[in-house]
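Enquirer:
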Amino acid sequence: MNKTWNNKAWFMVLPVLALVAFSAVIPLMTVVNYSVQDTFGNNVFFWAGTEWFQEILDSDRFWAAMGRNLAFSAIILCIEVSLGIFIALNMPRKGWGVPVCLVLMALPLLIPFNVVGTIWQVFGRIDIGLLGRTLAELGIAYNYVNNPVHAWVTIILMDVWHWTSLVVLLCYAGLVSIPDAYYQAAKIDGASRWAVFRYIQLPKMHRVLLIAILLRFMDSFMIYTEPFVLTGGGPGNTTTFMSIDLVKLAIGEFNLGEAAAMSIVYFLIILLMSWVFYTVMTNYGTEKR
Amino acid sequence: MAAGKSSTAARADGITMQRTEAAADAAGKAEAALGQTMRRRGTQSRFWWLVPTLYILFLMLPIYWLINMSFKTNTEILSTFSLWPQNPTLRNYGVIFTDPSWYSGYINSIIYVVMNTVISVSVALPAAYAFSRYRFLGDKHLFFWLLTNRMAPPAVFALPFFQLYSAFGLIDTHIAVALAHCLFNVPLAVWILEGFMSGVPKEIDETAYIDGYSFPRFFVKIFMPLIASGVGVAAFFCFMFSWVELLLARTLTTTAAKPIAATMTRTVSASGLDWGVLAAAGVLTIIPGALVIWFVRNYIAKGFALGRV
Chain S
65 MNKTWNNKAW FMVLPVLALV AFSAVIPLMT VVNYSVQDTF GNNVFFWAGT
115 EWFQEILDSD RFWAAMGRNL AFSAIILCIE VSLGIFIALN MPRKGWGVPV
165 CLVLMALPLL IPFNVVGTIW QVFGRIDIGL LGRTLAELGI AYNYVNNPVH
215 AWVTIILMDV WHWTSLVVLL CYAGLVSIPD AYYQAAKIDG ASRWAVFRYI
265 QLPKMHRVLL IAILLRFMDS FMIYTEPFVL TGGGPGNTTT FMSIDLVKLA
315 IGEFNLGEAA AMSIVYFLII LLMSWVFYTV MTNYGTEKR
Chain C
725 MAAGKSSTAA RADGITMQRT EAAADAAGKA EAALGQTMRR RGTQSRFWWL
775 VPTLYILFLM LPIYWLINMS FKTNTEILST FSLWPQNPTL RNYGVIFTDP
825 SWYSGYINSI IYVVMNTVIS VSVALPAAYA FSRYRFLGDK HLFFWLLTNR
875 MAPPAVFALP FFQLYSAFGL IDTHIAVALA HCLFNVPLAV WILEGFMSGV
925 PKEIDETAYI DGYSFPRFFV KIFMPLIASG VGVAAFFCFM FSWVELLLAR
975 TLTTTAAKPI AATMTRTVSA SGLDWGVLAA AGVLTIIPGA LVIWFVRNYI
1025 AKGFALGRV
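Right, dumping it as structure tokens:
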């Protein structure tokens, strides 16, 4: 659509701008302020320069947490995107099954994060949980509380359980928008199942997939509540993701400078990665056309 | 004048009708039916229903376990292992509905979630219109900057929010949480609505102006009905992300506006894990979400597709 150039449109954006400025810019400035200052209490601050940033970038704790975050995001993106596409392809298109599937699949999305944590905490426990008990009966020494591998598997399973539906819903929306004529043409050309997927369905899902991947990356990279409730970051530090570490640093240890510096680095990483995803995916789309 | 206005509405209808008619003509009814059967055979095997069924089963199992637990007594939960309650009890739900510290949590949550949804969608509507219809100085940068707020980890904002809202004396009020959640909901609402609005042809706006509609009247009378499903989807997402968020909601509240999710984490640690009540509280947090999904179920599939979200 060709848009008209009109700077008065700014007035329509103003309410959003004011609101976001209040809830994002002011708090962010506070963070920037803390990150370059040091204090001995009594609200007396002095300039500390890049000291906090150096400290953060030199600390193993920060890099370890970031590594865990990256590994987690990579794993769940692989599982959720491929599983989501697969399920969306097999969804019913017509009849009573559609609303039933949609409502049941959307259900996990609307459960508060800490309740998701609680559900899986209860579900996985070896004494009272269905999953834990079943695995124990099968002779598998499963215990997410003190085995790091099991803790990771449980968290990944929980995230897949929680968020795959988002990918499914978005892909499904992309699929139902494909006109029947496309499939008829493919049929006449004798296209294989794979070719139909590769050249009709995948390009049509391209836009929604971009959104799904962006949303899932951002949210998995800032995951806090679910692992906090499920494992509390343990055993040891094996499931301490960056958010958990940050809250520990800021509110637990009240180490404002370091926490602020970490916040900024953390935020910049998400921003950079999202920007890369966004550009790569949009360029990929335009090349095809 | 009156005739002119009705002609705009008729034209708006006409354009959408023309499109559907064109689509119907192109395919032809018989051919469409043929295509349907072809697609069934071509792209879906006979056991296609197995995949969604297994997936839904996987989704429902943990929820079923929670519901199952909520009807058991604590002794039954801890001593015996059974797939369904042996002596079902409503005691856990009774505790929640009689204790104000429990049920007020639900009321608080619903108040701030509704406030947030209303604020987010109403400020996002004009902004999304501006982004979908006009080019203006710095529009693309502004759009990306708005999206960056969706990427901001709540953990980064917990402490500064606390200080900011303390300064304004807003701590422990519903509006504080509602405003804080605007941080990620407003950008999302703008993003979704912009997609829907771009799908509405610009000729409709122009016809309305020629027919003498003022902008607000056009927006409410003609434009809003056309993007109703978009508003539905945006409201759904705002509701969802505000309802499930805990970190900010917990940081900004102490007692008067404490959300149910925070009540759960605190009461649990205080009373030494009352599993039954915890499960019942969890089940009750699922219900509002389930209701909202049920009401927007038709918009979810149709809405996403229309808006090319």
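Which chain is which? The protein sequence lines are S and C, in order. Those letters in the first sequence? Residues 65 to 353, per my numbering, in order. Those letters in the second sequence? Residues 725 to 1033, per my numbering, in order. Heads up, the beta-carbon is just placed ideally off N, CA and C, and yes, glycines get one too.
Please tell me whether S:G238 and S:R280 are closer than 8 Å, where the distance is taken between their beta carbons.
Expert: Counting from 1 along the first sequence, the entry for residue 238 of chain S is found at position 174. Counting from 1 along the first sequence, the entry for residue 280 of chain S is found at position 216. No; because the gap between Cβ atoms is not below 8 Å, this pair is not in contact.
Enquirer: Mind listing the chain C neighbours of S:N133? Cutoff is C-beta to C-beta under 7 Å, in chain order.
Expert: Numbered from its first residue, the first sequence carries residue 133 of chain S at position 69. In chain order: nothing, as chain C lies at least about 10 Å away.
Enquirer: Please confirm if the stretch 73-86 of chain S is in contact with the stretch 857-869 of chain C, defined as three or more CB-CB distances below 8 Å between the two stretches.
Expert: These segments touch.
Enquirer: Whose CA, out of C:S966, C:R974, C:N816 and C:L785, lies closest to the CA of C:T841?
Expert: The sequence position of residue 841 of chain C within the second sequence is 117, counting from 1. Comparing Cα-Cα distances from C:T841 to each of C:S966, C:R974, C:N816 and C:L785, the minimum goes to C:S966.
Enquirer: Note the first and the last residue of the continuous alpha helix (DSSP H) segment covering C:T804.
Expert: Counted from its first residue, the second sequence places residue 804 of chain C at position 80. Here C:T804 belongs to no alpha helix (DSSP H), and DSSP marks it neither H nor E.
Enquirer: Run through chain S and tell me which residues come within less than 9 Å of C:W1018, C-beta to C-beta.
Expert: The residue you call residue 1018 of chain C lines up with position 294 of the second sequence. By Cβ distance, chain S contributes P163 and V167.
Enquirer: Please list, in chain order, the residues of the stretch 977-988 of chain C that have any C-beta partner in chain S closer than 7 Å.
Expert: From the stretch 977-988 of chain C, only A985 and M988 have a Cβ closer than 7 Å to chain S.
Enquirer: Quick check: the stretch 835-850 of chain C against the stretch 958-973 of chain C, are there 3 or more CB pairs under 8 Å?
Expert: Touching, yes, given that three or more Cβ pairs across the two stretches are closer than 8 Å.
Enquirer: Name the chain C residues whose beta carbon is nearer than 9 Å to that of S:V95?
Expert: Against the first sequence, residue 95 of chain S aligns to sequence position 31. Chain C residues near S:V95: V880, F881, L883 and P884.
Enquirer: Report yes or no: is there a C-beta of chain C within less than 8 Å of the C-beta of S:W127?
Expert: Along the first sequence, read from residue 1 onward, the residue named residue 127 of chain S stands at position 63. So, not an interface residue.
Enquirer: To the nearest angstrom, report how far apart S:P291 and C:F881 are at their CA atoms.
Expert: Counting from one through the first sequence, the residue named residue 291 of chain S turns up at place 227. Counting from one through the second sequence, the residue named residue 881 of chain C turns up at place 157. Going by the C-alpha atoms only, they are around 19 Å apart.
Enquirer: Where do the ends of the alpha helix (DSSP H) carrying S:A250 lie?
Expert: Here residue 250 of chain S refers to the residue found at position 186 when the first sequence is read from its first residue. Run containing S:A250: D244 to D253, per the alpha helix (DSSP H) assignment.
Enquirer: Would you say C:L785 and S:L202 are within 8 Å of each other, going by their C-beta atoms?
Expert: Your numbering for residue 785 of chain C matches position 61 in the second sequence. Your numbering for residue 202 of chain S matches position 138 in the first sequence. No.
Enquirer: Could you tell me which chain S residues have their CB closer than 8 Å to the CB of C:R941, listed as they occur along the chain?
Expert: Reading the second sequence from its first residue, position 217 is the one you call residue 941 of chain C. In chain order: nothing, as chain S lies at least about 16 Å away.
Enquirer: Inspect the CB distances between the stretch 242-249 of chain S and the stretch 204-218 of chain S and report whether three or more fall short of 8 Å.
Expert: No: fewer than three Cβ pairs fall under 8 Å.
Enquirer: Applying the 10 Å Cβ sphere with the 16-neighbour rule, what's the burial state of C:I787?
Expert: As a position in the second sequence, residue 787 of chain C is number 63, starting the count at 1. C:I787 comes out buried.
Enquirer: Please determine if the stretch 246-264 of chain S and the stretch 322-339 of chain S are in contact, where contact requires at least 3 C-beta pairs separated by less than 8 Å.
Expert: Counting Cβ pairs under 8 Å, fewer than three are found: no touch.
Enquirer: Using DSSP with H/G/I as helix, E/B as strand and the rest coil, what is S:F110?
Expert: Taking the first residue of the first sequence as position 1, residue 110 of chain S is located at position 46. It is a strand residue.
Enquirer: Using a Cβ-Cβ cutoff of 7 Å, what residues of the stretch 897-925 of chain C are near chain S? List them in chain order.
Expert: For the stretch 897-925 of chain C, which is checked against every Cβ of chain S, the residues closer than 7 Å are L903, A904, C906, L907, V910, V914 and S922.
Enquirer: From the DSSP output, in three-state form, read off S:Y263 for me.
Expert: By 1-based counting over the first sequence, the position of residue 263 of chain S is 199. It is helical.
Enquirer: Along chain C, which residues have their Cβ under 8 Å away from the Cβ of S:M282?
Expert: Residue 282 of chain S sits at position 218 when you count from the first residue of the first sequence. Simply R874 and M875.
Enquirer: Quick one: which chain S residues come within Cβ less than 9 Å of C:M793?
Expert: On the second sequence, residue 793 of chain C is found 69 positions in, with the first residue counted as 1. Chain S residues near C:M793: V186 and I192.
Enquirer: Look up C:W826 in the DSSP assignment and say whether it is helix, strand or coil.
Expert: Counting from 1 along the second sequence, the entry for residue 826 of chain C is found at position 102. Helix.
Enquirer: Is there contact between the stretch 996-1010 of chain C and the stretch 815-825 of chain C, where contact requires at least three CB pairs shorter than 8 Å?
Expert: Output reads yes: the stretch 815-825 of chain C touches the stretch 996-1010 of chain C.
Enquirer: How many Å lie between C:G766 and C:I780 at the Cα?
Expert: In the second sequence, the residue the question calls residue 766 of chain C occupies position 42. In the second sequence, the residue the question calls residue 780 of chain C occupies position 56. Because C:G766 sits at a pLDDT of 44, beneath the cut-off of 50, its placement in the model cannot be relied upon, and the following sentence gives the value as read from the coordinates. Looking at the two C-alpha atoms, the distance is approximately 25 Å.
Enquirer: So with Cβ pairs under 8 Å, would you call S:R197 a contact of chain C?
Expert: Taking the first residue of the first sequence as position 1, residue 197 of chain S is located at position 133. With 8 Å as the cut-off, S:R197 counts as an interface residue toward chain C.
Enquirer: Determine the burial state of S:C165: buried for a count of at least 16 other Cβ atoms within 10 Å of its Cβ, exposed for fewer.
Expert: Taking the first sequence and counting its residues from 1, one reaches residue 165 of chain S at position 101. S:C165 comes out buried.
Enquirer: Figure out for me which residue from C:A1014, C:T872 and C:V1020 has the closest Cα to the Cα of S:L332.
Expert: Translated into the one-based positions of the first sequence, residue 332 of chain S becomes position 268. Residue C:T872 is the option with its Cα nearest to S:L332.
Enquirer: How would you call C:E826, buried or exposed, if buried means at least 16 neighbouring beta carbons within 10 angstroms?
Expert: As a working note, residue 826 of chain C is residue 102 in the second sequence. As written in the sequence, residue 826 of chain C is Trp, which differs from the Glu given in the question. C:W826 is buried by the Cβ-count criterion.
Enquirer: So, is the C-beta of S:F150 closer than 8 Å to a C-beta in chain C?
Expert: Numbered from 1 along the first sequence, position 86 holds the residue referred to as residue 150 of chain S. Yes, contact with chain C.
Enquirer: By the criterion of Cβ-Cβ separation under 8 Å, what are the contact partners of S:T295 in chain C?
Expert: Numbered from 1 along the first sequence, position 231 holds the residue referred to as residue 295 of chain S. In chain order: nothing, as chain C lies at least about 14 Å away.
Enquirer: Buried or exposed, going by whether 16 or more other CB atoms sit within 10 Å of the CB of C:M921?
Expert: Counting from 1 along the second sequence, the entry for residue 921 of chain C is found at position 197. Buried.
Enquirer: Cutting at 8 Å between CB atoms, please list the residues of its own chain near C:A726, excluding the five before and the five after it.
Expert: Here the question's residue 726 of chain C lines up with position 2 in the second sequence. Low confidence applies here, because C:A726 scores a pLDDT of 43, under 50, leaving its location unreliable and the question unanswered by this model.
Enquirer: Let's see if you can read the secondary structure: which residues bound the alpha helix (DSSP H) around C:K864?
Expert: Numbered from 1 along the second sequence, position 140 holds the residue referred to as residue 864 of chain C. C:K864 -> alpha helix (DSSP H) spans D863 to M875.
Enquirer: What would DSSP say about S:T68, mapped onto helix, strand or coil?
Expert: Within the first sequence, the letter at position 4 stands for residue 68 of chain S. Three-state result, S:T68: strand.
Enquirer: So who's on the other strand from C:R1021, going by DSSP bridges?
Expert: Working through the second sequence from its first residue, we reach residue 1021 of chain C at position 297. In DSSP, C:R1021 forms no bridge with anything.
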